[in-house]
Amino acid sequence: MEVFGFETITQPDGFPVPGSRNGSLYIIDVTDFNDPVVHNIGYDPSDELLWFYHGVTWKDVDLDGDLDAITCRMSRPASRCINQWLTPVLP
Ligand SMILES: [Ca+2]
């Protein structure tokens, strides 16, 4: 509610096991529990690495008054783990 003005669930997705797929970071609008709307805010079509997201902390990083998503993501096969800062913009 605090970030988007309506009820949401934040869902980090993916895990680096054989046969797994690319993960992402999803915002799920649960205003209507019978018709949830899923928004993918972690997907970058230009990125060729497979990323897996492991958690989210909401913090206003740039001090603009809006909470930003800080997440840790890991890639496969490079096995890099980095912190990422996302400004969530829903379509
Ligand atoms: Ca901000």
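7 is the number of the first residue of the sequence shown in this note's numbering; add one for each residue after it. All C-beta atoms in this analysis are idealised placements derived from N, C-alpha and C, irrespective of residue type, glycine included.
Consult DSSP for residue i and reduce its assignment to one of helix, strand or coil.
| i | result |
| --- | --- |
| threonine 37 | coil |
| asparagine 89 | strand |
| aspartate 70 | coil |
Taking 7 Å as the cut-off, is the CB of residue i close to at least one heavy atom of ligand 1?
| i | result |
| --- | --- |
| valine 9 | no |
| leucine 31 | no |
| leucine 73 | yes |
| valine 67 | yes |
| threonine 93 | yes |
Select from the options the residue whose C-alpha is nearest the C-alpha of residue i.
| i | options | result |
| --- | --- | --- |
| valine 23 | Ser81, Tyr49, Leu73, Thr93 | Ser81 |
| cysteine 78 | Phe21, Asp41, Asn89 | Asn89 |
| isoleucine 76 | Ile47, Leu69, Lys65 | Lys65 |
With a threshold of 8 Å, are at least 3 pairs of Cβ atoms found where one atom belongs to the segment 55-75 and the other to the segment 24-43? Proximity of the segment 55-75 to the segment 24-43 meets the contact definition, three or more beta-carbon pairs being nearer than 8 Å.
I'd like the ranges of any beta strand (DSSP E) spanning at least 3 consecutive residues and lying wholly in the segment 13-65. Here the runs fully enclosed are 14-18, 31-35, 43-46, 56-65.
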